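Novice: First residue of the sequence shown: 1, per UniProt numbering; consecutive thereafter.
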Amino acid sequence: MPCTPILGQVTSRMTFALAVSSRPFADVDTIADVLLRKPGALVLTGAGISTESGIPDYRGPDGKRRVTPMEHSEFVGSSGARQRYWARSYIGWARFNGAEPNDGHRGVAALQRSGHLGAIITQNVDGLHQRAGAREVTELHGSLGDAICLDCGAVHDREFLQALMTDANPGFAELATGAASDGSRVSSQIRPDGDIVLADDLVADFVQPTCPRCDSDKVKPDVVFFGGSVPKERVDHCFALTDAAPALLVLGSSLQVMSGFRFVRRAAARGIPCLAITRGPTRAEDLLAHHLDAPLGETLKALQERLIQ
């Protein structure tokens, strides 16, 4: 049976209401107590765990999108969309790839080593859990560290593609840097996909990467864009992790997207206690036993202090 909610129930997927209960939120001690009683909890992380590393979330505290993400159908169906994506990604890559794990990532890794947390399912594509020392990480939506050719299936390292784009676009990075000085043609903010918004006139001359094996221009970052499908075998693996979990801990996700929400729904249906530490309400409030609305970095550090002797 579903666990007792902390916040008001979400009434509709399409009309997501931020109905907050008068009952108090959970505190760190409440979460720590569950992890003591249910060691090895499965972890499900979202973009909120990486915001302290400088990678923004798609959504604000109200659950609404801050930015319009690239759609799978748009990327696959339009050479212009691919050119725009790769030009933006080329400029944003150094900043995205240079992001460092924060206290949240390090806290998850430490609690995993101590046995309080188990396997990790992440909706993020930044690789920061692994860089923080975590193991058993399933990247639900893939990784920006790789790219795949949609025609021949060849997988290419993102750094290799960056070098190819540099060779094919001499002076482009310097041009974009110069255009950024007045802020009108280049955004100063990186986006959740690792790209930076560029003016159309800058994008127009950018030479997008082609596959070194077959020369196709349908080279895509090895991630699941909005509207795309997570590979079935990956979903099945995550369901198996969920079914075997003593508890499920959501970190930094509003669970608005079905690809992550379904695992919370599965866990709750099987009587597995579901917890969340994330800012603002989630889509799963009626399924959560406890919801702590607090910054992840300091909260994970507090959990370490309580749980690791």
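Here a beta-carbon is modelled for each residue, glycine too, at the ideal position from N, C-alpha and C. All values derive from a computational prediction rather than experimental measurement.
Who are A276's beta bridge partners in DSSP?
Specialist: Against the sequence shown, residue 276 aligns to sequence position 276. Its beta-bridge partners are V250 and H291.
Novice: Within a Cβ cutoff of 6 Å, which residues of the same chain sit near P56, ignoring the five residues on either side of it in sequence?
Specialist: Residue mapping note: residue 56 aligns to position 56 of the sequence shown, counting from 1. Closer than 6 Å at the Cβ level, and outside the excluded window around P56, lie P192.
Novice: Alpha carbon to alpha carbon, how far is residue 331 from D195?
Specialist: Residue numbering for the chain in the displayed model covers 1 to 309; residue 331 lies beyond these limits and cannot be assessed.
Novice: Over what stretch of residues does the beta strand (DSSP E) that includes D57 continue unbroken?
Specialist: Taking the first residue of the sequence shown as position 1, residue 57 is located at position 57. Premise fails: D57 is in no beta strand (DSSP E) and is neither H nor E.
Novice: Fully enclosed by the segment 195-261, which alpha helix (DSSP H) runs are 4 residues long or longer?
Specialist: 200-203 and 232-244
Novice: Are the segment 121-133 and the segment 84-101 touching, with three or more C-beta to C-beta distances below 8 Å?
Specialist: yes
Novice: Can you check whether the CB of G252 is closer than 7 Å to the CB of T45?
Specialist: Your numbering for residue 45 matches position 45 in the sequence shown. Your numbering for residue 252 matches position 252 in the sequence shown. Yes; because the gap between Cβ atoms is below 7 Å, this pair is in contact.
Novice: Between the alpha carbons of Y90 and C274, how many angstroms are there, rounded?
Specialist: The sequence position of residue 90 within the sequence shown is 90, counting from 1. The sequence position of residue 274 within the sequence shown is 274, counting from 1. Cα-Cα distance, rounded: 39 Å.
Novice: Can you tell me whether K232 is buried or exposed? The criterion is at least 16 other CB atoms within 10 Å of its CB, across all chains shown.
Specialist: The count along the sequence shown starts at 1 and reaches residue 232 at position 232. Burial call: exposed.
Novice: Determine, using beta carbons only, whether A164 and P209 come nearer to each other than 7 Å.
Specialist: For this step, residue 164 is matched to residue 164 along the sequence shown. For this step, residue 209 is matched to residue 209 along the sequence shown. Here the sequence assigns Leu to residue 164, which means Ala is not the residue at that position. Going by C-beta atoms, L164 is nearer than 7 Å to P209.
Novice: I need the straight-line Cα distance from D146 to R158, nearest angstrom please.
Specialist: In the sequence shown, the residue the question calls residue 146 occupies position 146. In the sequence shown, the residue the question calls residue 158 occupies position 158. Each residue's Cα considered, the two are about 5 Å apart.
Novice: Is it right to say L36 is buried, meaning 16 or more other beta carbons lie within 10 angstroms of its own, or is it exposed?
Specialist: Here residue 36 corresponds to residue number 36 of the sequence shown, with the count starting at 1. The residue in question, L36, is exposed, as its Cβ has fewer than 16 Cβ neighbours within 10 Å.
Novice: Kindly identify the DSSP beta-bridge partner or partners of L42.
Specialist: By 1-based counting over the sequence shown, the position of residue 42 is 42. According to DSSP, L42 bridges with L248.
Novice: Count Cβ pairs between the segment 232-248 and the segment 295-309 that sit closer than 8 Å; are there 3 or more?
Specialist: no
Novice: To the nearest angstrom, report how far apart R213 and A176 are at their CA atoms.
Specialist: Against the sequence shown, residue 213 aligns to sequence position 213. Against the sequence shown, residue 176 aligns to sequence position 176. So the alpha carbons of these two residues sit roughly 29 Å apart.
Novice: Alpha carbon to alpha carbon, what distance is there between V207 and D201?
Specialist: Locating residue 201 in the sequence shown gives position 201, counting from the first residue. Locating residue 207 in the sequence shown gives position 207, counting from the first residue. About 13 Å.
Novice: Provide the residue span of the alpha helix (DSSP H) that contains V108, from first to last.
Specialist: Translated into the one-based positions of the sequence shown, residue 108 becomes position 108. First-last of the alpha helix (DSSP H) with V108: D103 to R113.
Novice: How would you call G92, buried or exposed, if buried means at least 16 neighbouring beta carbons within 10 angstroms?
Specialist: The count along the sequence shown starts at 1 and reaches residue 92 at position 92. Classified as buried, G92 has 16 or more neighbouring CB atoms from the shown chains inside 10 Å of its CB.
Novice: Beta carbon of P265, beta carbon of T242: below 7 Å?
Specialist: Counted from its first residue, the sequence shown places residue 265 at position 265. Counted from its first residue, the sequence shown places residue 242 at position 242. In the sequence as displayed, the identity of residue 265 is Arg instead of Pro. In this structure, T242 does not lie closer than 7 Å to R265 by Cβ.
Novice: Which same chain residues, not among the five before or five after P24, have their C-beta less than 7 Å away from its C-beta?
Specialist: Position 24 of the sequence shown, counting from 1, holds the residue named residue 24. Low confidence applies to P24: its pLDDT is 40, below 50, so where it sits in the model is not reliable, and the reading given next is rough at best. Once the five neighbours on either side are set aside, P24 has no close Cβ partner at all.
Novice: Does the distance from the C-beta atom of A132 to that of H105 stay below 7 Å?
Specialist: Within the sequence shown, the letter at position 132 stands for residue 132. Within the sequence shown, the letter at position 105 stands for residue 105. In this structure, H105 lies closer than 7 Å to A132 by Cβ.
Novice: Residues in the same chain with beta-carbon distance under 6 Å from L161, minus the five sequence neighbours each way, listed in chain order, please.
Specialist: Taking the first residue of the sequence shown as 1, we reach residue 161 at position 161. The residues are A147 and P209.
Novice: Quick one: residues in its chain with C-beta nearer than 6 Å to the C-beta of R95, no 5 flanking neighbours on either side, listed in chain order?
Specialist: Translated into the one-based positions of the sequence shown, residue 95 becomes position 95. So the qualifying residues of the chain are I190.
Novice: Tell me whether R84 is buried or exposed, calling it buried when 16 or more other Cβ atoms sit within 10 Å of its Cβ.
Specialist: The count along the sequence shown starts at 1 and reaches residue 84 at position 84. That one is buried.
Novice: In whole angstroms, give me the CA-to-CA distance for P69 and E305.
Specialist: Numbered from 1 along the sequence shown, position 69 holds the residue referred to as residue 69. Numbered from 1 along the sequence shown, position 305 holds the residue referred to as residue 305. Each residue's Cα considered, the two are about 38 Å apart.
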